[in-house]
Each structure stands twice: as structure tokens, then as C-alpha cells.
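This report refers to the structure that appears directly beneath it.
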Amino acid sequence: MIEHNTKERILQIALNLFSQYGYKATSMSDIAKELNITKTALYRHYDSKQAIFDCIVQRMEQMDHERVVQYKMPEGKYPQMAKEYKNIPIEKIISYSEALFKHWTEEDFSCKFRKILELEHYHNPQINALYQKYLGQGPINYMTELFTEMLKIDQNLSQDARQVALEFYGPIFLLIQLYDGANDKENTYHLLREHIIRFGKQQGFLEK
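Written out as C-alpha cells, the structure reads:
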């Protein structure tokens, strides 16, 4: 238990430093100093800064899976997910979207992780790959595949699925970026809800 608590404390301190100063600018010495322990003691728990960061990423993966399970969202192959999404009430879509939005903007661990990605993705290829996976191309690619199958169900093949994905995700991405500096943060949730309802009606994917 003591070992687990120490590793968790190191993880949290490293996350704080990475999100404030960037991954590259933070050294193992900085982490040890903040923890008030020696570098030797730190290395007994994590053999490198990369190992600490890998554990942060693993935690993010775990949190993502837990959220999908909690909200009972569709998983598996895209054709089956598309059928399931067609039958999900819009309020459930909104609730899950709000949970994702809160995850990136308010929840301590994931919000700090986002700030690491935003600080580092311009000059760190590894972190840029994670930035794209979580906030950029990853969501767009996922939604493109999903909307491709949903458009097939509706026999609406005249629409470009990638464009539909951009139309859905673009405003959400923008609201995440605007949230940190927003004076009325609750209004961003209102805008998020209105966007999803409007999009669902326009596309005919969701029934209110």
C-alpha cells in the first residue's frame, strides 16, 4: 500500500509539473525536488521520465474505458455501433458528450493531460501523436467511420461522412479550447447541448 501511494503521489506531482512547464522542460530532478526526495529514491519507483508519462497515458486509457462502460455506450464494429447509435435517445448522447466535455475541461487528471498535449504537440512527435489521437485526427477518424455506417442505414450516401464528422466535432473542439478562458463556463455546456440537438435534427440521426 505504501509503495502504491508513493507511486501515485509521484504520478500526480509529475502530471502537475508537466502541465505547468511542459514535458521536455521538466526533469527527474525537478520531480524529486517537488516531492522532497532524492533522485535515487525516485528511480526506485520509476526508471525514467518516460515511464512516468507512460503511466499517465495508461491512466487516460483506463478512464476512457470506464466512461464508456459507465454510460453504456456502443462498442465493437462500426456497422453494429451505427445501428445502436440510431436507437439511443438524444438525452443519453448529450449526457455522454457533457461527460466527455467535463473530462477534458474540469476533471483534474485529464484536464492537466490535455494541457500537456497542447504545450508539447508542436515540437514533440510522440506527444503530437497523442494529441491527434485524443483531440485531433483520432475523434475525426472515429466519427467518420461511424457516420459512414449511419449514412448507409439512412441510404443517404450523397453526404460526405468526413464532412459530417467535422461538422459535429468542430464546434465541440472549439468549445473545449474556449472553456478555459470563458467567464460564463456554464454557457459552454448550453452551447454544447444546443449544438448536439441542432446537429441531430439536421442530420436526422437523432430524435429529440
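Residue numbering for the sequence shown follows the numbering used here, starting at 1124 and increasing by one per position. Where is the CB? At the ideal position from N, CA and C, for every residue including glycine. Quick caveat: nothing in here was measured; it's all calculated off a predicted structure.
Pairing Ile-1136 with Ile-1216 gives a Cβ-Cβ distance that is not under 9 Å. Under the three-state reduction of DSSP, Thr-1161 is assigned to coil, being neither helix nor strand.
Counting only runs of 4 or more residues that sit fully inside the stretch 1149-1200, the alpha helix (DSSP H) segments are 1151-1158, 1162-1166 and 1172-1193, in chain order. Annotated as proximal: Thr-1271 and Ala-1284, with beta-carbon spacing under 9 Å. For Gly-1145, there is no enclosing alpha helix (DSSP H), as DSSP marks it with neither H nor E. Separation of Asp-1307 and Tyr-1201 (C-alpha to C-alpha, rounded to the nearest whole angstrom) is 37 Å. In the structure shown, Tyr-1292 falls within a helical segment according to DSSP collapsed to helix, strand and coil. Residue environment for Arg-1237: buried (at least 16 other C-beta atoms within 10 angstroms of its C-beta).
With a threshold of 16 other beta carbon atoms within 10 Å, Val-1192 falls short and is exposed.
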